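Step one of this worksheet: look at the structure below.
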Amino acid sequence: MTIHTFHLAEVPASVGARALVRPPVPGRSSGLDHAESLSLMRLGAPTLSTDRLQLRRLAVFAQWRDEAAVDRFLEQDPLGRSLALGWHVRLEFLRRWSTLAALPGLPVRAGSWEQEEPVAAVTLARMRLAQVPRFLHWGKPAERLVRDHPAATLALAAFRPPRTIATFSIWRTVREMEEMVHGRSEGPGPQRHSAAMAEQERRGFHHEFATYRFRPVSEHGAWEGRTGLVPRPR
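Numbering (this note's numbering), first residue to last: 268 to 501.
Written as structure tokens, this is what we have:
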């Protein structure tokens, strides 16, 4: 059964740089379908700041054929052993909006969900470099909305030069995430995310862009001293 994982780890600069240049690939990692290695960014940080791109803080998003492949990677692969010292969550795919060439086999919808259960969301995009100023203008307010939302237990962005960007967030409930997406959240500026999405629809920021919804299955390790980033179902 296909499973996805999202990993976070503090690594030496040499490990992080090598992961960006040579991410895990199926030929070197048995049971791996695809992986994206990225450096973390702090959501909403100033464009030119050390918080915006954190080279020693690595994120990896991957699709695997089964959980045994994940376990082998974490135990036997040099990068996997570095990631095993951090945090990761195993994910059941539920839904996608649009698609990426790198992940061609996922159906539009693969399951059902309850409005009050926890949920994780991943976006992946290949940016049009000429659209970066527009993307920052519209995207940073939306980033701050997600970062500061009380229902988001984890929210971050990551980047791999020159054009791949990703976001990852975990939410207390599907309902609260959907309220944010559609501009119905309480608090200041609830329309920031929906406005950015409308601008993306009007004139795309990206060559490719897809959003994926997942059910968190299991959580492993700690991130920044925190455990229990996946909320308990209500």
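We treat Cβ as the ideally placed atom computed from N, Cα and C, and that holds for glycine.
Fair warning: this is a prediction, and the values are worked out from it, not measured in the lab.
A Cβ-Cβ separation of about 7 Å places methionine 444 in contact with alanine 388 under the 8 Å criterion. When secondary structure is reduced to three states using DSSP, arginine 411 falls in the helix class.
Contact annotation, glutamate 383 with phenylalanine 481: C-beta distance approximately 16 Å; criterion of less than 8 Å not satisfied. Looking at the DSSP output, serine 304 sits in a beta bridge with Val327.
Ranked by Cα distance from alanine 418, the options Glu410, Val441, Arg427 are led by Val441.
Runs of the alpha helix (DSSP H) lying entirely within the segment 428-455 and spanning at least 4 residues, in chain order: 441-448. Nearest Cα to valine 282 within the set Ser349, Arg295, His355: Ser349. The shortest CA-to-CA distance from tryptophan 380 to any of Leu496, Pro483, Leu275, Gly372 is the one to Pro483. Here histidine 473 is buried: its Cβ has 16 or more other Cβ atoms, across all protein chains shown, within 10 Å.
Excluding five sequence positions before and after glycine 347, the CB atoms of its chain that fall closer than 6 Å to its own CB belong to Phe340, Leu341, given in chain order. Contact between the segment 446-455 and the segment 389-399 is absent: fewer than three C-beta pairs spanning the two stretches fall below 8 Å.
When the Cα atoms are used, leucine 299 and alanine 422 turn out to be separated by approximately 25 Å. Residue burial is scored here from C-beta neighbours: threonine 494 has fewer than 16 other C-beta atoms within 10 angstroms and is therefore classed as exposed. Annotated three-state conformation of proline 345 is helix, per DSSP. Put simply, of Val375, Trp354, Ala284 the residue whose alpha carbon is nearest the alpha carbon of leucine 305 is Ala284.
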